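For reference, the structure is listed below as structure tokens.
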Ligand SMILES: NC(=O)c1ccc[n+]([C@@H]2O[C@H](COP(=O)([O-])OP(=O)(O)OC[C@H]3O[C@@H](n4cnc5c(N)ncnc54)[C@H](OP(=O)(O)O)[C@@H]3O)[C@@H](O)[C@H]2O)c1
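In the numbering used here, the protein residues as written are 192 to 445.
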């Protein structure tokens with residue numbers, strides 16, 4: 192008799208270190224590069240209430256796994272930013288890659304051991320993917336980070352960046368002085384490095400080697416003319432093209 196595991200949200204809190212998550216993503220991309228059929232682009236539907244359902248399908252044969260992940264949010268696109276009034280549990284349906292046996296149904300946002308209670312939509316895989324891209328593209332000696340945003344994604348991303356480079360300095364900007372101060376206070380002990388809240392976007396761009404924008408803004412958060420030579424920039428702004436095509440949002444996020 193087949194007995195797939197049913198894993199509950201509290202069981203996936205803090206179960207993987209960020210460094211391992213990055214290596215898992217690296218393996219997935221490597222295998223996808225060798226065979227385009229083992230992965231498929233994300234599919235997303237929107238219904239007029241603002242409820243959005245996303246499905247991500249893929250397999251990593253080398254790790255013995257294939258299947259899909261689905262997540263559903265209530266999204267509110269506003270003129271200059273996007274809000275998520277309600278986040279719901281994602282579900283992963285996991286099959287073994289050898290014979291396709293159903294192994295597990297995992298309910299809940301998997302979080303990293305460094306920040307077990309930090310919840311953001313697909314927070315772990317987003318940060319691990321950004322870090323992998325940064326690892327391959329940023330200068331080897333990059334050590335100063337400029338961060339935009341001080342919420343769930345920014346927290347995960349800072350942990351992930353610290354796993355791929357020896358970070359010596361972090362500057363964080365978000366519009367609320369209280370939010371950026373709290374971010375610095377919380378993240379310093381997690382990473383054992385100094386995090387400096389800055390009060391102007393420009394200060395987070397100048398004098399850094401890597402910039403990461405993890406905000407819910409739908410418009411640019413800094414002026415590209417401030418960028419210095421050789422700086423690596425990652426933006427995680429999600430596409431809202433489906434919302435525009437469905438008539439739920441007026442303009443594309445930029
Ligand atoms: N690419 C992907 O695969 C992917 C996956 C999941 C999520 N995302 C994106 O990640 C975004 C952030 O997620 P989250 O959970 O961290 O969002 P969140 O909880 O809604 O927080 C938004 C953050 O953005 C900051 N912010 C807004 N405007 C800003 C500006 N002009 N300059 C600097 N900071 C600004 C806010 O701080 P203040 O209020 O203090 O300014 C806050 O810290 C989401 O909106 C989503 O689009 C992308």
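A virtual CB, placed ideally from N, CA and C, is assigned to each residue, including glycine.
These numbers come from a predicted model, not from an experiment.
Checklist entry - What is the rounded straight-line gap between the Cα of residue 292 and the Cα of residue 206? => result As a first step, residue 292 is located in the chain shown; it is residue number 101 there, counting from the start. As a first step, residue 206 is located in the chain shown; it is residue number 15 there, counting from the start. Spanning the two alpha carbons is a distance of roughly 23 Å.
Checklist entry - If you draw a straight line from the C-alpha of residue 444 to the C-alpha of residue 409, how long is it? => result The residue labelled residue 444 in the question sits at position 253 within the chain shown. The residue labelled residue 409 in the question sits at position 218 within the chain shown. Using only the alpha carbons, I get a separation of about 4 Å.
Checklist entry - Which residue or residues does DSSP assign as beta-bridge partners of residue 287? => result Taking the chain shown and counting its residues from 1, the one referred to as residue 287 is at position 96. Its beta-bridge partners are 256.
Next on the checklist: On the CB-based measure, 16 or more other CB atoms within 10 Å of its CB, does residue 271 come out buried or exposed?
Outcome noted: Here residue 271 corresponds to residue number 80 of the chain shown, with the count starting at 1. With fewer than 16 other Cβ atoms within 10 Å, it is exposed.
Next on the checklist: Measuring straight from C-alpha to C-alpha, what distance separates residue 446 and residue 349?
Outcome noted: Residue 446 lies beyond the range of the chain shown here (192 to 445); nothing can be said about it.
Checklist entry - Is it a yes or a no for the region 217-237 touching the region 249-264, going by three-plus beta-carbon pairs under 8 Å? => result yes
Next on the checklist: Output needed for residue 385: all residues of its chain with C-beta closer than 8 Å, excluding positions within five of it in sequence on either side, in chain order.
Outcome noted: The count along the chain shown starts at 1 and reaches residue 385 at position 194. For residue 385, where only same-chain residues beyond five positions count, the Cβ hits under 8 Å are 360, 361, 379.
Item to check | Sequence ranges, beta strand (DSSP E) only - wholly within the region 322-405, length at least 3 | outcome: 335-339, 360-364, 386-388, 401-404
Item to check | CA nearest to the CA of residue 429, picked from 197, 248, 202, 266 | outcome: The sequence position of residue 429 within the chain shown is 238, counting from 1. The option with the nearest alpha carbon to residue 429 is 266.
Checklist entry - Which value, in whole angstroms, describes the spacing of the CA atoms of residue 390 and residue 197? => result Position 199 of the chain shown, counted from the first residue, corresponds to residue 390. Position 6 of the chain shown, counted from the first residue, corresponds to residue 197. Answer to the nearest angstrom: the Cα atoms are 46 Å apart.
Checklist entry - The beta strand (DSSP E) spanning residue 196 covers which residue range? => result As a working mapping, residue 196 is identified with position 5 in the chain shown. Here the beta strand (DSSP E) through residue 196 covers 196-198.
Next on the checklist: Which residues does DSSP list as the beta-bridge partners of residue 267?
Outcome noted: Walking along the chain shown from the start, residue 267 turns up at place 76. DSSP, once it has assigned bridges, lists 274 as partnering residue 267.
Checklist entry - When we look at the beta-carbon of residue 400 and count the other beta-carbons within 10 Å, is it buried (16 or more) or exposed? => result Your numbering for residue 400 matches position 209 in the chain shown. It counts as buried.
Next on the checklist: Can you tell me whether residue 192 is buried or exposed? The criterion is at least 16 other CB atoms within 10 Å of its CB, across all chains shown.
Outcome noted: Residue 192 sits at position 1 when you count from the first residue of the chain shown. So residue 192 counts as exposed.
Checklist entry - Does the separation of the CB atoms of residue 212 and residue 319 fall below 8 Å? => result Taking the first residue of the chain shown as position 1, residue 212 is located at position 21. Taking the first residue of the chain shown as position 1, residue 319 is located at position 128. It is a contact, given that the beta carbons lie within the stated cut-off.
Checklist entry - Looking at residue 338 and residue 418, is the spacing between their C-beta atoms short of 8 Å? => result Position 227 of the chain shown, counted from the start, is the residue given in the question as residue 418. Position 147 of the chain shown, counted from the start, is the residue given in the question as residue 338. No. Outside cutoff.
Next on the checklist: Looking only at its chain, what residues have a beta carbon closer than 8 Å to the beta carbon of residue 370, apart from the 5 residues adjacent to it on each side?
Outcome noted: Indexing the chain shown from 1 puts residue 370 at position 179. Correct list, in chain order: 341, 342.
Checklist entry - Which whole-angstrom value describes the C-beta separation of residue 311 and residue 347, a residue pair presumed to lie in contact below a C-beta threshold of 8 Å? => result Taking the first residue of the chain shown as position 1, residue 311 is located at position 120. Taking the first residue of the chain shown as position 1, residue 347 is located at position 156. At roughly 6 Å, the Cβ-Cβ gap stays under 8 Å, so residue 311 and residue 347 are in contact.
Checklist entry - Are there 16 or more other CB atoms within 10 angstroms of the CB of residue 243, so buried, or fewer, so exposed? => result Taking the first residue of the chain shown as 1, we reach residue 243 at position 52. Per the 10 Å Cβ criterion, buried.
Checklist entry - With DSSP run on the structure shown, which of helix, strand or coil describes residue 302? => result To locate residue 302, count along the chain shown from 1; it is residue 111. Three-state result, residue 302: coil.
Item to check | Coil, strand or helix - residue 262 by DSSP | outcome: Stepping through the chain shown from its first residue, residue 262 is reached at position 71. Three-state DSSP puts residue 262 in a strand.
Item to check | Beta-carbon proximity list for residue 388, same chain, < 6 Å, skipping 5 on both sides | outcome: Within the chain shown, numbered from 1, the residue matching residue 388 stands at position 197. 363, 371, 372, 375, listed in sequence order.
Next on the checklist: On the CB-based measure, 16 or more other CB atoms within 10 Å of its CB, does residue 269 come out buried or exposed?
Outcome noted: The residue labelled residue 269 in the question sits at position 78 within the chain shown. With fewer than 16 other Cβ atoms within 10 Å, it is exposed.
Item to check | Close Cβ partners of residue 432 (< 7 Å) along its chain, the five nearest in sequence each way excluded | outcome: In the chain shown, residue 432 corresponds to position 241, counting from 1. The answer, listed in chain order, is 443.
Checklist entry - Can you tell me whether DSSP reads residue 440 as helix, strand or coil? => result Taking the first residue of the chain shown as 1, we reach residue 440 at position 249. DSSP places residue 440 in coil when its eight states are reduced to three.
Item to check | residue 236, enclosing beta strand (DSSP E) - first and last residue | outcome: Taking the chain shown and counting its residues from 1, one reaches residue 236 at position 45. Unbroken beta strand (DSSP E) run through residue 236: 234-237.
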